[in-house]
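In the working numbering, the protein residues as written are 68 to 331.
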Amino acid sequence: MQRSDDDGFTWTRVGDAITGAGPTTGTATFNNTAGPIVADPVSHNVYSVFASGEVGILKAKTADFNNIFVSRSTDAGKHWTPVLVFAGPLLSTNANVFPAVAVDPVNGNVYATWSNSSGAGTNVYLSNSADAGASWSSPVIVNIAPANTAVFPWVAAHSGAVDVVYYGTTGANVAGAAWNVYLAQTIDNGASFTQSLVSKEPNHVGVICTEGTACAPGTRNLLDLLEVGIDPINELAAIVYVNDTLTKDSLGNPLPQTVLAQQQ
């Protein structure tokens with residue numbers, strides 16, 4: 068972890084957010100898929116989310132990212148404490164790049180979201196912490212039909228409202244799948260969600276690869292540019308996503324475009 072105390076002009080290495088925790092995460096600080104780093108503007112706690120694999124010494128030998136951790140620092144990044152948020156079934160994966168975390172600046176609640184692939188399909192999950200990341204709720208599935216398969220989640224929170232965005236399709240993640248952008252909103256910590264369609268037309272057709280750089284051509288056109296923010300004045304969502312169906316180059320290849328959608 069690097070920290071800047073002068074608005075980004077210089078940087079100093081501090082602690083390691085993806086640290087070993089004995090038998091919980093092993094001592095290896097690799098074979099992880101890290102999400103964003105967020106800070107609570109009131110408490111100044113810093114949070115980092117990551118997907119991780121097997122525990123103990125096997126951790127350095129596998130890439131089965133079936134666990135989700137959130138690390139918290141209370142001293143500006145010098146020291147970190149990782150907490151297990153979710154342990155998925157073996158041979159499932161939460162490394163559908165990337166997990167995400169958000170903190171509500173009003174009440175301090177922390178929210179983690181990720182996409183899990185297992186025998187039950189590929190779904191977006193949400194878990195929350197009301198004690199600054201010390202403990203976490205049982206995760207709930209966010210997406211519902213017609214978003215039967217969902218990937219690339221992002222989360223924002225403000226004044227008790229939580230917004231989760233993701234790409235969803237009606238069937239499996241296969242060739243010919245038509246994907247749209249969805250927004251799910253909850254005001255009761257995930258007990259219930261209201262899912263709405265953001266993009267009326269598909270923003271991608273075909274496979275969406277969630278393995279970073281190890282992807283076939285045409286399956287990673289959307290990159291990682293899907294985020295949501297909440298306007299603190301009117302509590303409405305603003306969403307940035309990628310659409311690769313709008314324009315093509317002279318050879319007929321898609322030219323992905325960044326799109327901004329604002330909730331009305």
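Glycine residues also receive a C-beta, built at the ideal position from the N, C-alpha and C atoms.
Computed from a prediction, not measured in an experiment: that's the story for all the values here.
Counting of Cβ neighbours within 10 angstroms places Thr277 among the buried residues, the total reaching 16 or more.
Under the criterion of beta carbons closer than 8 Å, Gly200 and Val231 do not qualify as touching, at roughly 18 Å.
About 7 Å separates the beta carbon of Asn133 from that of Ala154, a gap short enough to meet the 8 Å contact definition. For the 9 Å CB-CB criterion, Thr253 and Thr236 do not form a contact. A residue is called buried when at least 16 other Cβ atoms come within 10 angstroms of its Cβ; Trp147 meets this threshold and is buried. Sequence-distant Cβ neighbours of Val265 in its own chain, meaning closer than 8 Å and more than five residues away, are Val232, Asn247, Val248, Tyr249, Leu250, Ile306, Tyr308, Ala328. Thr148 carries a strand assignment under DSSP once its states are collapsed to helix, strand and coil. Within the stretch 257 to 306, the complete beta strand (DSSP E) segments at least 3 residues long are 261 to 264, 294 to 297, listed from N- to C-terminus. With contacts defined by Cβ atoms closer than 9 Å, Gly75 and Val113 do not form a contacting pair. With fewer than 16 other CB atoms across the displayed protein chains lying within 10 angstroms of its CB, Ser226 is exposed. For Ser185, the enclosing beta strand (DSSP E) begins and ends at 177 to 185. The C-alpha of Gln69 is placed about 24 Å away from the C-alpha of Val152.
Beyond the five residues adjoining it in sequence on each side, Ser263 comes within less than 6 Å, by CB distance, of Leu250 in the same chain, given in chain order. At least 9 Å separates the beta-carbon of Asn288 from that of Val218. Within the same chain, Cβ atoms closer than 7 Å to the Cβ of Phe260 are found at Val209, Ala251, Gln252, Thr253, the five residues on either side in sequence being excluded. Cβ-Cβ distances below 6 Å link Ser71 to Trp78 in the same chain, with the five nearest sequence neighbours on each side left out; the list follows chain order.
Relative to the Cα of Thr312, the nearest Cα in the group Ala245, Asn256, Glu294, Leu303 belongs to Ala245.
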